[in-house]
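Here the structure is laid out as structure tokens; the discussion comes afterwards.
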Amino acid sequence: MSKEPPKIHGVQEIDFGGRFQVERLDLEFANGARRTYERQKSRGRGAVIVVPMADAETVLLVREYACGLHRYELGLVRGRIDAGESPIEAADRELKEEAGFGARRLQVLRSISLAPVYMSHQTHLVLAEDLYPERLEGDEPEELEVVPWRLDQLHELMLREDCSEGRTLAALFITREFLQRRPA
Numbered sequence: 073m074s075k076e077p078p079k080i081h082g083v084q085e086i087d088f089g090g091r092f093q094v095e096r097l098d099l100e101f102a103n104g105a106r107r108t109y110e111r112q113k114s115r116g117r118g119a120v121i122v123v124p125m126a127d128a129e130t131v132l133l134v135r136e137y138a139c140g141l142h143r144y145e146l147g148l149v150r151g152r153i154d155a156g157e158s159p160i161e162a163a164d165r166e167l168k169e170e171a172g173f174g175a176r177r178l179q180v181l182r183s184i185s186l187a188p189v190y191m192s193h194q195t196h197l198v199l200a201e202d203l204y205p206e207r208l209e210g211d212e213p214e215e216l217e218v219v220p221w222r223l224d225q226l227h228e229l230m231l232r233e234d235c236s237e238g239r240t241l242a243a244l245f246i247t248r249e250f251l252q253r254r255p256a
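What follows is the structure, given as structure tokens:
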């Protein structure tokens with residue numbers, strides 16, 4: 073297996089309208105095999121998922137209506153990056169809109185993907201610390217409930233039926249590891 077990605081011989085864009093488009097790629101692998109792959113391309117600038125730390129051990133989650141599952145879900149603050157925004161600026165804005173807090177310290181820990189085998193979408197994981205109350209009007213139809221959760225209780229959160237988003241669970245475990253390894 074080669075460490076280099078396959079050579080792209082052609083790209084055909086298939087526009088279904090709306091938020092996403094599909095690209096059909098004509099690929100040649102290092103061993104000479106030719107295949108056609110399709111990938112869903114995001115039309116936006118990506119997204120952020122924010123881990124707001126109320127203190128060294130407590131993250132703030134939000135309870136929000138999840139249309140895909142038609143129920144309320146417990147998860148992290150998240151949203152799209154608007155035109156002209158950096159991931160840090162988007163994270164600060166989303167935190168104010170969804171949870172009613174700003175952060176004096178914001179740091180991108182890494183980017184995570186949803187399904188990299190067939191999607192190009194990336195979500196930037198942002199750690200938010202030194203919080204202060206500040207609310208901006210967002211696009212949510214109702215104020216979201218803010219739920220404090222201790223990081224040492226993630227084993228309980230990951231088994232709850234109302235906390236099923238993979239990005240939230242991954243972001244919380246990544247953040248916990250980062251904070252445990254960060255020099256004091």
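Residues in the sequence shown are numbered from 73 upward in steps of one, following my numbering.
Virtual Cβ for every residue (Gly too), placed ideally from N, Cα, C.
Inset, instruction - Kindly examine the ligand NAP and report whether one of its heavy atoms sits closer than 7 Å to the Cβ of A200. - result: The model on display carries no ligand, and the ligand NAP is accordingly not part of it.
Legend entry - H227, DSSP secondary structure in three states: Here residue 227 is taken as the residue at index 155 of the sequence shown, counted from 1. Looking at H227 - three-state DSSP - the assignment turns out to be helix.
Legend entry - Three-pair Cβ contact test at 8 Å for the stretch 198-205 versus the stretch 174-190: yes
Legend entry - Nearest candidate by alpha-carbon position, reference H227, set V218, A242, R111: By one-based count along the sequence shown, residue 227 stands at place 155. Closest option to H227, Cα to Cα, is A242.
Inset, instruction - Output the distance between the C-alpha atoms of S74 and E95, rounded to the nearest integer angstrom. - result: Position 2 of the sequence shown holds residue 74. Position 23 of the sequence shown holds residue 95. Rounded to whole angstroms, S74 to E95 spans 23 Å at the Cα level.
Inset, instruction - Spell out a yes or no on whether the stretch 215-226 and the stretch 129-136 are touching, meaning 3 or more CB-CB pairs, one atom from each, closer than 8 Å. - result: yes
Inset, instruction - Identify whether I153 lies in helix, strand or coil by the three-state DSSP scheme. - result: The residue you call residue 153 lines up with position 81 of the sequence shown. Coil.
Legend entry - Best match in G118, L244, I80, F250 for proximity to G147 [C-alpha to C-alpha]: Here residue 147 is taken as the residue at index 75 of the sequence shown, counted from 1. Nearest option by C-alpha distance: L244.
Inset, instruction - Along the beta strand (DSSP E) that carries R143, what are the first and last residues, could you check? - result: In the sequence shown, the residue the question calls residue 143 occupies position 71. 143-147 is the extent of the beta strand (DSSP E) around R143.
Inset, instruction - In the DSSP assignment, find the beta strand (DSSP E) that holds D127 and state where it starts and stops. - result: Here residue 127 refers to the residue found at position 55 of the sequence shown. Taken as a continuous stretch (DSSP letters only), D127 belongs to no beta strand (DSSP E), as it is neither H nor E.
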